[in-house]
Amino acid sequence: MAGIVGYGAYIPRNRIKAEEIARQWGKDPETIRRGLLLEEKSVPGLDEDTITISVAAGRSAIARAGIAPAKIGAVYIGSESHPYAVKPSGTALIEALGIAPEVHVADFEFACKAGTEAMFVSLGLVESGRVEYAMGIGADTSQGAPNDALEFSASAGGAAYLFGRENLLAEVLETYSFTTDTPDFWRREGQFYPRHGGRFTGEPAYFKHVESATRAILKKSGFKPADFRYVVFHMPNGKFPLQAARTLGFSKEQMATGWVVNTMGNTYSGSSPTGLAAILDVAAPGDLILITSFGSGAGSDSFVLKATKLLPERRALAPTVRSMLDGPRRYLTYGEYAKFREKIILND
Amino acid sequence: MPSPRNWREIPARYRLEAARCRGCGKVVYPARRACPACRGQEFEKTMLSWKGKVVTSTVVQVAPTEFQMEAPYAVAIVETPEGARLMTQVVDCDPGAVQPGMEVALVFRLIRREGHGGILCYGFKAVPAA
Ligand SMILES: [Zn+2]
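Note that the protein sequences, when read in sequence, are chains W and P. In the numbering used here, each residue's number is its place in the first sequence (first place is 1) plus 7. In the numbering used here, each residue's number is its place in the second sequence (first place is 1) plus 1351.
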């Protein structure tokens, strides 16, 4: 059986509080806190991007797997903020992690779903026997337009998953994908900030896809909501995943560990994969785990995983999500944030 | 134009590839022709650990044009457990807080952009150990 042999996450140390953004635009911080359930979010430094985040997460994944990097036969980075429009993010990563040159590399895009997409393809290649190990990464340094609701959530971070067939940390028991053409969120080539389709973002987009994919994978796998110890859904804000969980019959306790959005923000392609990493950081052998991503455009990928006996000793080999969320942090003013996110126009 | 030097230095800058002298065991970074300790000329490839200790540091207030947005920032000599010494920026902290003896982690970061539409040059920097 194929599954996860290594995983790692990375969250930048810079943060901005929802309150600080609200103050800038004359909004009520309590409305954001209670309405969207967002306290603060991560912000990339001037020297951090999808490539550096992917390298940090990938390094931890390799450390936990304990394999020679050159054995990795495929690397896919899913992101909507690849630093280059033309030139892959993955090429720098395979050099940095010592994977090059015998490796298949591609960058994936599918709004916030690109990370689980990279995981899905990596798993398939390993299952087919085409490669021994494959790495799927979801990472983003996403931007919300100033004074847009997205500015409270769009953050930076990512997670990497290394798939193989031996020494698994988590078995993949089932997968499922659900995709339709839905205009809920997009960014045209050459536009700096994304746009969203107002009433298209909730019911016909997020909820329809997350709920359809989750219901289908439950049916396909034969499990009931109560069988799972941990559940994570894509986290565009704090509220949506909890609402989807209620509709589907999952409890707050099942959601709590993976629901890291209140202090991390929405790391787009890294969102549900980082939630999953937070779960693997604490799961016990035998625990069943469900993850459903969501990407605008729109689609959802679902995975049913089962933690193995090897997981507890291996997770100690790299930093946990919680240690990065609660560890060394630097809080920015809105002015510093605007500079870090290059929202200020400068002369060349 | 992308600088050929940056591309040539990828193994050292991206992966911390260094050389260990076969004569006396000294680890030199970046690799060079002769060992500074014993003048030996035979080396084997070795990888530095992604951590170290600050030996000495300074705060750059007036930065070269390319790094103006980052000033003020700390630059330090960091010694890895292998004994190699690297000059690097120390980031993600108050630059004044960087002191000799401080434990750091080495991380992969964007070092500079070659102008507005040019290539992105990556390498390592130091951050305070978590
Ligand atoms: Zn020597």
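C-beta: ideal position from N, C-alpha, C; glycine also. Remember, it's a predicted structure, so these values are computed and weren't measured experimentally.
Quick check on the DSSP output: the alpha helix (DSSP H) that includes residue i runs from which residue to which?
i: W/P248; result: 246-255
i: W/E134; result: 121-135
i: W/H216; result: 215-228
i: W/T38; result: 36-43
i: W/R321; result: 318-322
i: W/I28; result: 25-31
i: W/N154; result: Neither: W/N154 is in no alpha helix (DSSP H) and is coded neither H nor E.
i: P/W1358; result: 1355-1359
What are the boundary residues of the beta strand (DSSP E) that includes residue i?
i: W/A314; result: 306-314
i: P/F1394; result: 1394-1398
i: P/L1367; result: From DSSP, P/L1367 is part of no beta strand (DSSP E); its letter is neither H nor E.
i: P/M1438; result: 1436-1441
i: W/I298; result: 295-299
i: P/P1479; result: 1471-1479
i: W/E55; result: W/E55 -> no beta strand (DSSP E), and no H or E assigned at all.
i: W/V239; result: 237-240
i: W/G164; result: 163-171
i: W/F115; result: 111-115
Under the three-state reduction of DSSP, which class applies to residue i: helix, strand or coil?
i: W/R337; result: strand
i: W/S276; result: helix
i: P/Q1419; result: helix
i: P/Y1424; result: strand
i: W/S88; result: coil
i: W/V62; result: helix
i: W/M262; result: helix
i: P/R1463; result: strand
i: W/G15; result: strand
i: W/T348; result: It is worth fixing the name first, because residue 348 of chain W is Arg in this sequence and not Thr. Looking at W/R348 - three-state DSSP - the assignment turns out to be coil, as it is neither helix nor strand.
i: W/T208; result: coil
i: W/K94; result: coil
i: W/N269; result: helix
i: P/K1377; result: coil
i: W/A74; result: Ala is not the amino acid found at residue 74 of chain W; the sequence shown has Ile there. W/I74: coil per DSSP, three-state reduction.
i: W/I286; result: helix
i: W/D147; result: strand
i: W/T182; result: strand
i: W/I106; result: coil
i: W/V138; result: coil
i: P/V1413; result: coil
i: W/E47; result: strand
i: W/R20; result: coil
i: W/L100; result: helix
Taking 8 angstroms as the threshold (beta carbon to beta carbon), is residue i in contact with chain P?
i: W/G52; result: yes
i: W/R20; result: yes
Which chain P residues are close to residue i, counting only those with a beta carbon under 7 angstroms from its beta carbon?
i: W/G105; result: R1366
i: W/G334; result: A1481
Run through chain W and tell me which residues come within less than 7 angstroms of residue i, C-beta to C-beta.
i: P/F1459; result: T59, V62, A63, A103
i: P/V1442; result: G52, D54
So with Cβ pairs under 8 angstroms, would you call residue i a contact of chain W?
i: P/A1363; result: no
i: P/K1404; result: no
i: P/K1476; result: yes
i: P/L1437; result: no
i: P/Y1473; result: yes
Along chain P, which residues have their Cβ under 8 angstroms away from the Cβ of residue i?
i: W/P326; result: A1481
Can you list the residues of chain P that residue i reaches, using a CB-CB cut of under 9 angstroms?
i: W/S330; result: A1481
i: W/R337; result: D1443, C1444, D1445
Inset, instruction - Check each residue of the segment 1411-1427 of chain P: if its Cβ is closer than 8 angstroms to any Cβ of chain W, include it; give the result in chain order. - result: Going along the segment 1411-1427 of chain P in chain order, one finds M1420, E1421 with a Cβ nearer than 8 angstroms to chain W.
Inset, instruction - Closer than 7 angstroms, Cβ to Cβ, to anything on chain P: give me those residues from the segment 70-103 of chain W, in chain order. - result: Within the segment 70-103 of chain W, the qualifying residues are P90, A99, E102, A103.
Legend entry - Against chain P: residues of the segment 267-299 of chain W by CB proximity under 7 angstroms: Within the segment 267-299 of chain W, no residue has a Cβ that lies closer than 7 angstroms to any Cβ of chain P.
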